[in-house]
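Here's the structure we're looking at; comments come further down.
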Amino acid sequence: MLGPGSARRRGPWRPRDELASATQELGATSREMFALGEGGGAALRSLDESPIEEDEEALREEDHDIDQFNEDTFGTGAVEDWEEQHEGLDDHAEDPDDLLKENNLAESISKLVIDSDLEDPAIMRAIPSNPPLQAPPRLNASMWDGPMVFGGIGNPFLSHLEENRMLSGSKDSILPKRPALGQDEERDLSDRAPPPRSTSPVIGSPPVRTAPIGTPPKHMSYLASQQPSILCPTPVHVRAPIHQRFSAPFNERMSPTQLLNLANSSLRAHHFQGGVTQMLNPLLLGTAQQTGRMSPSHFARMPGLVGSQLTAMKANLLQSRMGQMMPPVTGFRPYFSPATAGHLQDIRSSQSIFRADTTHLHPQHRRLLNQRLQLQNSRNQHRGLNGSAGDRHSRGSYHEQAKKDPYGNLMTQREKEWVSKIQMMQLQSADPYLDDYYYQNYFERLEKKQAALDLNSEGPKKERTKLITPQVAKLEHTYRPVQFEGSLGKLTVSSVNNPRKMIDAVVTTRTDDDETKEKLVRDKRRQTLFTIERTYSLVLEVQDLEKKFLQVSEAERPAVLEQRKSKIIQMYENLRGKQAHSTERVSDDHFVQIMCIRKGKRLAAKVLHLLSTEQAANVVLATARNLPYLVKKDSQDEVLPCLTEPCSLLVNRLPSSALTELLQQLTGSAQSSQPGSQFPSILQNKFGLTLFYVILSQGERLQSSEAASELMQDNRWTELVFAVTRELLKVPQASLAKPLFVPTNLLALFSHYVDRQTLNVLESKLQLSGKPR
Amino acid sequence: MPGSHPSCAGVTSGGAKMNYMPGTASLIGDIDKKHLVVLRDGRTLIGYLRSVDQFANLVLHRTVERIHVGRKYGDIPRGIFVVRGENVVLLGEIDLERETDTPLQKVSIEEILEAQRVQQHEKQEAEKAKSEALKERGLSIPRTDTLDEY
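Here's what the structure looks like:
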C-alpha cells in the first residue's frame, strides 16, 4: 500500500517510486511508507497552492483514491489525516512581518529555482551570485523549514530538500505556521537523493545508528575522509560521518543524537567548494544584521565558516534578539533576560533539523522526541552561546569561572530562572497568613528587629532583599465532570476530583435503651467538646481580624471592628450558654462542663482577655462560685493556674461592689454569712489561694486609695475579711497551697482587721513578709 | 496567570551574583559548589552540584560515595550521579578549606568495604539475637522493611 504522496509521483519522481518499492522489499511496513509519504505529501501539499496547474486536478483525484485505499487498509480513523491537521498550520494569511515579505520573495525565488537546472551540483556551483541577494529573506522562512537556508543556491539547499520533505511531514502543532515557500524546489529535487530513512522496520524504534549512542565525535574521523565527494549518499552512509566538520561553536556538550542529526543535515552542505562558501559568508553576515532572526542552528549547515566569523555573527544575533520578546513569556518578563527571549525561535528553527530520523516514528513518539531534542538543543545552544559569547563579554567573573571550573555553568541562567520561576509560582497564595504562617511571622519579627536596630543606629537604612510573593485572589474552581459528546447517556469518568463511588456508606443510629444513658453522657461531652472547638476557632478568627485591622485601610476598619465584636459575643455565648430569658440567670452547668475539660480552661483563659469587664466578671464569678468542684476536677490536670493571669487582670479592674461579690462567691458565703465548708479546699489549691490573695489585695488597694472608701461602707466586705482571717488562722500551714505570688499589701490589709499578735501569726503562716520558705 | 506575576526584589539582572529567592531555601545558589548529600538509603555522596530542578532532583558531578565505619571512612569515585529529589534526606555545602579538617581517618576502598561488611554482619547478628530472645518470651516485633532504615 502506498502512501498518498507516492502515488503522485510520476515523471521526474519515478526514482522515488522505485525507492518506495525497494523499501517495501526491505520489509518496511506500509505504515512506514505512509510516513514516508507523509513527508513527501506535506512537501507536495503546497504544490496545490503554488501556481502549477498541470497536476493539480490529477493530484486531487489521486488524493481521494489514496485516502480511500488507506481507509480500506487501516480502517477509518486509524490513520491520522495529517492534511487536515496541518491545514491550520499553513500560513494562508500574509505574513504580518513587513520586513521580509517572505511570501512574495519566496515565490519569486521558487520561480528562479524552477528555471535553473539543478540536476547537477557542479552546475549549481557555476551559477553567479545573483540569486543569493534575494535569498536572505528566505532565511526567515527557513526557520520553519530548517535546512533550506539559501533558497535556490547550491547544494546545501539541494541536499536539504529530501530532508525537508521528510521533515515537513512531521510538523507538530507546536509550530504556529508553516510558510508556503518554494516547496517546488523540493519537488524538483526530490529525486536527487533518497531520503534519509532508517532501515529499522519497526515503527517507533529509534533510528539505526551506525555509531552507538554516546560515542563522542572523535571516533568518526575515518569516515569523513572517505567520502569527500558523495553527492547522494545512501541512507546508511548518511548517519556516520561528518561529525568533525562542525565548526568551533559546537562544543562537545551536544549530545551524539544531535550531532548525528546535524551530520545528516550538513552532509550535503559539504559538497560545495570554497566559492560557494565565500558566497555564503557575507550573506550570513548580511542576513544576521537584517533579519536578526537567524539562529545558531543555521550555522550548523555552514561548515565552511570559521569559528571567528561565527562568533561575530553570534554576537550580532544576541543583539538582534534583544529587541524581541515572545508573547508566551510576557507574564514573566522581569524574570527572563532579553537574551533568552529569542530562544523560542531557536526551538522552532532547530526543531526541523533534528527531525531527520524521526519521520518513521509514531507521531506521538516523534513529538516526545522533538520536545526532548528541543530542550537539549536549546540548552546546548544556549550553552554554546554562553560559552562563546561569554568569552567575548567583558565579564571577568564568567571568564574566571570558566577557567577554573570547566564544567561550570552547565545549568544556564535561563534554566536557573526557570526553576526559580516555578518555585515562585508555588509560593503564590491567596492567604499567605494561612498558607505560610511561620515564614510570615518570622520575617515580620526580623523586620521589627531590624527596624529597632535602625532606629537605634540611625544610620542609612539597609535595603534588605526581601522576597515579595504576590497575593493571588482566591479562585473558585467548580469542578465540572467530563462530559462526552455524542454518547448515549452520561458516561461517568472517575478522576481525582470525582472518584467513583465504591461503597454506600449509610449512617445507622442504634436505638438501644441500655445505651441511652451512657449515650447521653457521651453526647453531652461531645457537645461540650464541639463547643470548645468552635469557640477556639472564633478566638483565632478574632486574632486574624486584629491583624487585618492593622493592615486594612481606614475606611474598612469599622467593619473589621464590627466583625470582631460579633465574634466575641458569640464566644461569650458559647462559653456561658445562652440566656433563656434576659433577667433569668444562666445556669452554670454549661460553663462548668467546659471548665471540667482541660482545653476548656485554657480556652476560658484566652477568651477572658477578649471579653468586656462585665462579661469577664460574669465568667470569673461563675468560676469562683464553682471553684470547689472545679478544683476537685482539676486535681489531675492542674491547668487552673493558667487562669490566674486573666483573672488577676480582671480583678484589678473590678469596682468594690463586684469585688465584694466575688469574694463572697469565692468563700462560698453567698447564702450564709459564713464561709462555706468548701472554702478550706480552695485555700489548698494553688489557683484558689492565688485568686483569693488577689482579691484581698485589690480590696486593700481600693480601701487605701479612696478617700471615702466605698468598700468600708459595705459591711459585707469587712465581715468577709474577718471570716476569712479566721479561716486562715484555722487552716494548718502545711495544707496551705503555695500561691503563684503573694501580693505585698496583704499585711497592710490584715493589719486593719486584726490585732498585733494575730497579725504576726498570720504573717508567719502565710509568709506575707515575703521571706522565702 | 491570575494575579500579578512574581517579582523578586533585589535581583540584579544578568550578573553572576544573582540573589535567587532571598529568604527562602533554594538550591539555585548552591550550583557548582561541592556538596555532601545524604540519601534515604543511607548513602553519603559528595560531589559538585551541577543542576537542580523544581523537585530537587540533583545532578552531581565528580561524585564520590563516602562510606563511614566507626572512625574510618573510604571514598569510592562514582562519576556523575542523578538523584531523584525524593530520595534526598539532606544536603549541605562543603567548605573546601575545611574539608580535610576531620578527626576521621581515610582508608582504602577495600578496607572500608571490609569494615562495612563486618559492621553489617554484626548488626544482623545482634538483630537475630534480639528477635530470638523476644521469641522465647513470646513477644514479636514486626519488621519494618519498607521504612527508610539504615
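Heads up: the protein sequence lines correspond to chains A and B, in order. Okay, so the first sequence: first residue is 3 according to this note's numbering, each after it adds one. Okay, so the second sequence: first residue is 117 according to this note's numbering, each after it adds one. Beta carbons are placed, not taken as given, at the ideal position from N, Cα and C, and that holds for glycine.
Under 7 Å between C-beta atoms of D146(B) and L165(B): Yes, these two residues count as a Cβ contact at 7 Å.
H88(A) burial status per 10 Å Cβ neighbour count (16 or more: buried): Counting the other CB atoms within 10 Å of its CB gives H88(A) a total of 16 or more, which places it among the buried residues.
Rounded distance between the beta-carbons of V653(A) and I697(A), thought under 8 Å: Contact flag correct, Cβ pair sits at about 6 Å.
Inter-residue CB distance, L152(B) and I225(B) (contact presumed, cutoff 8 Å): Contact doesn't hold; Cβ gap of about 18 Å is too wide.
N-terminal and C-terminal residue of the alpha helix (DSSP H) that S671(A) is part of: Where S671(A) is concerned, there is no enclosing alpha helix (DSSP H), given that its DSSP letter is neither H nor E.
9 Å Cβ cut-off: residues of chain A touching H177(B): The answer, in chain order, is Y409, L412.
Below-7 Å beta-carbon distance, D418(A) vs any chain B residue: Here residue 418(A) is Lys; the residue named in the question, Asp, does not match the sequence. Put simply, the CB of K418(A) is near chain B, with a gap under 7 Å to one of its CB atoms.
Bounding residues of the alpha helix (DSSP H) (the contiguous stretch that carries S707(A)): Following the DSSP letters along the chain, one finds S707(A) inside the alpha helix (DSSP H) bounded by residues 688-707.
Nearest-angstrom Cα separation, counted from A619(A) out to K567(A): So the alpha carbons of these two residues sit roughly 18 Å apart.
Reduced DSSP secondary structure (H/G/I, E/B, other) of G190(B): DSSP places G190(B) in the strand class (E or B) of the three-state scheme.
Interface residues of the segment 167-194 of chain B facing chain A [CB-CB below 7 Å]: Cβ contacts with chain A come from S167, V168, D169, Q170, H177.
Test: D211(B) CB closer than 7 Å to a CB of chain A: False, the Cβ-Cβ gap to chain A never drops below 7 Å.
Contacts around L206(B), its chain only, beta-carbon distance under 7 Å, and the 5 residues preceding and following it disregarded: Same-chain partners within the cutoff: V154.
Touch test, the segment 223-243 of chain B against the segment 197-205 of chain B, Cβ-Cβ under 8 Å, three pairs minimum: Output reads no: the segment 197-205 of chain B does not touch the segment 223-243 of chain B.
Residue-chain proximity (S422(A), chain B), Cβ-Cβ < 7 Å: Taking Cβ atoms only, chain B reaches closer than 7 Å to S422(A), which makes this a yes.
Residues near K569(A) in its chain [Cβ-Cβ closer than 8 Å; skip 5 each side]: Closer than 8 Å at the Cβ level, and outside the excluded window around K569(A), lie L540, E543, V544, L547.
Proximity of F752(A) and L764(A) at Cβ, strictly below 7 Å: Yes, Cβ-Cβ distance for F752(A) and L764(A) is below 7 Å.
Proximity test, Cβ basis, 7 Å: I147(B) and chain A: I147(B) counts as touching chain A.
Backbone secondary structure at P134(A) - three-state DSSP: Only weak support is given to the placement of P134(A): the predicted model assigns it a pLDDT of 44, under 50, and the value that follows is read from those uncertain coordinates. Here P134(A) sits in helix by DSSP.
Host beta strand (DSSP E) of K150(B) (start-end): Note, K150(B): beta strand (DSSP E), 150-155.
I162(B) at chain A interface by Cβ criterion, 7 Å: Interface flag for I162(B) against chain A is unset, since no Cβ pair is found closer than 7 Å.
Buried versus exposed, by CB contacts within 10 Å (16 or more), R627(A): That one is buried.
Local conformation of T25(A) per DSSP, three classes: Residue placement at T25(A) is flagged as unreliable, the pLDDT there being 48, under the threshold of 50; a coordinate-derived value is accordingly withheld.
Under 7 Å from the C-beta of I144(B): neighbouring residues of chain A: Here the neighbours are K418, V421, S422.
Beta-carbon contacts of L691(A) that lie in its chain and below 6 Å, excluding the five residues immediately before and after: Here L691(A) has L685, A739, P741 as same chain residues with Cβ atoms under 6 Å from its own Cβ, once five neighbours each way along the sequence are excluded.
Span of the alpha helix (DSSP H) around S568(A): Element bounds for S568(A): 559-578.
Three-way DSSP call (helix, strand, coil) for R718(A) in this model: In the displayed model, R718(A) falls within a helix according to three-state DSSP.
Rounded straight-line distance, which links the Cα of R182(B) to that of Y189(B): About 7 Å.
Chain B contacts made by the segment 514-533 of chain A, where a contact means CB separation under 8 Å: Here the close residues number zero.
Neighbourhood of V756(A) by C-beta distance below 8 Å, restricted to the same chain and skipping five residues each side: T727, L764.
Option nearest L174(B) by Cα separation, candidates V185(B), E215(B), K222(B), N203(B): For L174(B), the closest of V185(B), E215(B), K222(B), N203(B) by C-alpha to C-alpha distance is N203(B).
Q292(A) versus N500(A) - alpha carbon distance: Note that Q292(A) has pLDDT 45, beneath the 50 cutoff, so the model's placement of it is unreliable and the number below is only indicative. Per the coordinates, the alpha-carbon of Q292(A) lies some 56 Å from the alpha-carbon of N500(A).
Opposing strand residues paired with S679(A) [DSSP bridges]: S679(A) pairs with nothing; no bridge assigned.
C-alpha gap between L250(B) and Q240(B), whole angstroms: Rounded to whole angstroms, L250(B) to Q240(B) spans 15 Å at the Cα level.
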